[in-house]
Amino acid sequence: AALAVYQPRQMVRQLARAMLEELDFTQEGQNGDSIAQNFAQTPHIVIPRIYWAFSSQRLLVQEFLPSFTPLARDALIEQGLDPGLLARRGARAFIKMLLEDGLFHGDPHPGNLRAMSDNRVGFIDFGMVGRLDERRRLEVMNFMRALTEGSTELLVAVLIDWSGERVQDLSQIEQAAREYMARHTGGQLKISALITDFLGLIREYRLLLPPDLLVLFKALITADGVLTQLDPDLDLIATAKPAVEKMLREQFSWKVAKGLGIDGLELGRGVLSDLPKLTRLMVHRLKHGVLDLKVDMPGLERLERSLRLASTRLSLALLISALLIAFGPQIAAAGPVWQGLSA
429 AALAVYQPRQ MVRQLARAML EELDFTQEGQ NGDSIAQNFA QTPHIVIPRI
479 YWAFSSQRLL VQEFLPSFTP LARDALIEQG LDPGLLARRG ARAFIKMLLE
529 DGLFHGDPHP GNLRAMSDNR VGFIDFGMVG RLDERRRLEV MNFMRALTEG
579 STELLVAVLI DWSGERVQDL SQIEQAAREY MARHTGGQLK ISALITDFLG
629 LIREYRLLLP PDLLVLFKAL ITADGVLTQL DPDLDLIATA KPAVEKMLRE
679 QFSWKVAKGL GIDGLELGRG VLSDLPKLTR LMVHRLKHGV LDLKVDMPGL
729 ERLERSLRLA STRLSLALLI SALLIAFGPQ IAAAGPVWQG LSA
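If you count the sequence shown from 1, you need to add 428 to reach our numbering.
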């Protein structure tokens, strides 16, 4: 039951596809060419050229990249390289793969992520890659936004997107999300701690995690481990913030906004991007009968006091009327009495 949250059957199918791709050097070369095209306008990111005339399904011939391991920080400094700049460039490149391109290196360990002359960063070995469609990229973007902004509501909305009907007790999930945010708010965000804790939350509340996200989380942890060797102060999630803002601007461009008749709206705040999430959250609350509605009416307390007083008076009047109906005939039959004498 504990493994069910990871959807093991889908995981095995995905792993099988990944292994078959890794055994096919033609596929690896095509992956490399696609990523190279995505970075064609970024000269400080280097992807080796594939020599297709000499390559086949069982043989891949590619350009040699003279480079250094990113783990030898002192040696890089001796070579005149800037480890901090290398780390930032590597981080921005990886975030671009995730959020803009939807095609990312699935195994960026120190052998596959290289430090090159002129503070260039090289990526090699694209046998394992991850792919994110537009919807998944938006979900990952919102997950990162939730972490950088400390937004419990956005995190809950992402959990609902990923888990669907598994979210039964919404108030419980909201409380868990608040506690998660409290543990990871303030200071530098540690990717490994963030993801490990997040997976624990998924497992504890028996939510679902799309299998393709396991490849993403693995790649994030690996990349963060390598890049923080170059720069211990690097915050990979914080590095994603400009890319997230760019994605929001592209998603809700000014042209689209004008077409919707909302010229004066400040799109930079990303309010519109939250609407689908918040709508799903509201629908989920309605389905499970946990939608809280807060109404603020000026003067409501005074009206309440007036209604309470009127209610008291009405109750008293009804009580007197009931007494008169019940005992009125006896009183009338006895007639008026004064000092014990019948009048």
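Cβ atoms here follow ideal geometry from the backbone N, Cα and C, with glycine treated the same way. Treat the numbers as computed from the prediction; the structure is a model and nothing was measured.
Can you tell me which residues form a DSSP beta bridge with residue i?
i      : result
Phe496 : Ala543
Gly550 : Val474 and Arg542
Leu531 : Arg559
Leu487 : Ser484
Spatial neighbours of residue i within its chain, please: C-beta separation below 6 Å, excluding the five flanking residues on both sides.
i      : result
Leu583 : Ala574 and Ala605
Arg441 : none
His533 : Phe551
Asp535 : Met556
Among the options, which one has its Cα closest to the Cα of residue i?
i      : options                           : result
Ile665 : Thr613, Ser484 and Gly555         : Thr613
Met569 : Glu491, Ile630, Leu641 and Gln657 : Leu641
Gly518 : Ile552, Glu506 and Val489         : Ile552
Leu527 : Gln616, Ala468 and Leu566         : Leu566
Gly512 : Leu560, Val654 and Lys674         : Val654
Pro538 : Lys674, Ala651 and Pro660         : Ala651
Phe482 : Ile475, Pro476 and Gln490         : Gln490
Gln600 : Leu629, Asp625 and Ala610         : Leu629
Gln603 : Arg516, Glu632 and Leu560         : Glu632
Ile588 : Thr624, Arg477 and Leu635         : Leu635
Trp480 : Leu560, Gln458, Gln465 and Pro498 : Gln458
Pro639 : Leu541, Asn540, Val595 and Gly558 : Gly558
Met525 : Arg486, Gln465 and Ile478         : Gln465
Using the rule of at least 16 other Cβ atoms within 10 Å of the residue's Cβ for burial, across every protein chain shown, is residue i buried or exposed?
i      : result
Leu451 : exposed
Leu676 : buried
Ala543 : buried
Ile619 : buried
Glu506 : exposed
Lys683 : Low confidence applies to Lys683: its pLDDT is 47, below 50, so where it sits in the model is not reliable enough to give any reading.
Tyr608 : buried
Gly460 : buried
Ala515 : buried
Pro494 : exposed
Gly592 : exposed
Compute the Euclidean distance between the alpha carbons of residue i and residue j, then round it to the nearest angstrom.
i      : j      : result
Met572 : Ala668 : 8 Å
Leu509 : Arg548 : 9 Å
Ser545 : Trp590 : 42 Å
Glu694 : Gly530 : The predicted position of Glu694 is uncertain, since its pLDDT is 37 and thus under 50; a value taken from the coordinates is nonetheless stated next. Going by the C-alpha atoms only, they are around 27 Å apart.
Thr656 : Leu662 : 6 Å
Arg437 : Ile523 : 29 Å
Leu644 : Phe492 : 27 Å
Ile475 : Ser462 : 10 Å
Glu577 : Arg501 : 32 Å
Ile690 : Glu678 : With a pLDDT of 42 at Ile690, under the threshold of 50, the modelled position of this residue cannot be trusted, and the question is left open.
Leu648 : Asp597 : 30 Å
Arg564 : Leu658 : 30 Å
Pro498 : Glu673 : 29 Å
Pro660 : Leu560 : 29 Å
Ile478 : Gly615 : 42 Å
Leu617 : Ala671 : 17 Å
Sorted by chain position, which residues of the same chain lie with C-beta nearer than 7 Å to residue i's C-beta, five sequence neighbours on each side aside?
i      : result
Ala503 : Phe496
Arg697 : At Arg697 the pLDDT is 41, less than 50, meaning the model places this residue with poor confidence; the figure from the coordinates comes in the next sentence. Taken in chain order, the list of residues that qualify is empty.
Ser579 : Arg573
Which residues in the same chain have their Cβ closer than 8 Å to the Cβ of residue i, if we skip the five residues on either side of it in sequence?
i      : result
Ala621 : His612
Ala521 : Phe467, Thr470, Ile473, Val549 and Phe551
Ser484 : Phe453 and Thr454
Leu627 : Leu637 and Phe645
Glu562 : Gly530
Arg486 : Phe453
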